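Residue numbers (the working numbering): 183 to 347.
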């Protein structure tokens, strides 16, 4: 299992993408539609409830269910992501992500894991070019994760709920 903290690496996918030539060669024989369907995604947090302002550790896992190496090609340079209440990375700041296909390779049965920490606040743009940080309201919130694929299917997304007290 590969485990990285998102942002701790220069790799744009957030995962260790050490080049494996055997995986690259064999994965070319697996049809793209099958490779996309073989990957499952899950998202978890370090606990179910938090006090206001507590950091929330979010763990995203992508798993290749096949006993073969695969390559999933995503349509943008953001192959995966996370959101809170549908707000990408808990910010409404404009994000520029180039439309450039990004291959994510998996060894047979491999699980890739990334961990991010959400500070419990939403970044909000304001009309005066100043951003502000707004704490999340008390109550239930949905933390989700996704794999960017052209045919967004439910198995390419997952969500969990947390409570802020």
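Idealized CB from N, CA, C, for every residue including glycine.
Nothing here was measured: the structure is a model prediction, and the numbers come from that model.
Review point. Exposed or buried, residue 292, counting other C-beta atoms within 10 Å across all chains shown (16 or more means buried)?
Key: buried
Practice item. Give me the Cβ distance between residue 273 and residue 305, rounded to the nearest whole Å; I'm assuming they're in contact under 8 Å. Key: 4 Å
Point to revise | Unbroken stretches of the beta strand (DSSP E), 3 residues or longer, contained in the segment 261–304 | key: 262–266, 284–288 and 293–300
Practice item. Return the residue from the list 296, 319, 223 and 213 that minimises the CA-CA distance to residue 239. Key: 296
Review point. Who are the near neighbours of residue 215 in its chain, counting only those whose CB is closer than 7 Å to its CB and skipping five residues on each side?
Key: none
Practice item. Could you please give the first and the last residue of the uninterrupted beta strand (DSSP E) stretch that includes residue 216? Key: Where residue 216 is concerned, there is no enclosing beta strand (DSSP E), although the alpha helix (DSSP H) it sits in stretches over 214–220.
Point to revise | Buried versus exposed call for residue 218 [16 or more other C-beta atoms within 10 Å across all chains shown] | key: buried
**Study point:** Range of the contiguous beta strand (DSSP E) that encloses residue 323
**Key:** 321–329
Exercise for review: Answer yes or no: do residue 230 and residue 255 have a C-beta to C-beta separation smaller than 8 Å?
Suggested key: no
Practice item. Mark residue 288 as exposed unless 16 or more other C-beta atoms lie within 10 angstroms of its C-beta, in which case mark it buried. Key: buried
Review point. Does DSSP put residue 187 in a helix, a strand or coil?
Key: Legend: pLDDT at residue 187 = 47, less than 50; position of this residue unreliable, value from coordinates given subsequently. Here residue 187 sits in strand by DSSP.
Review point. Of all the options 320, 324, 226 and 222, which has the alpha carbon lying nearest to the alpha carbon of residue 247?
Key: 222
Exercise for review: Taking only the alpha-carbon atoms, compute the straight-line gap between residue 329 and residue 265 and give it to the nearest angstrom.
Suggested key: 12 Å
Point to revise | Residue span of the beta strand (DSSP E) that contains residue 317, given as start and end | key: 313–317
Check your understanding: What did DSSP end up calling residue 231 once you bin it into helix, strand or coil?
Key -> strand
Review point. Given a threshold of 16 other Cβ atoms within 10 Å of its Cβ, counted over all protein chains shown, does residue 321 qualify as buried or as exposed?
Key: exposed
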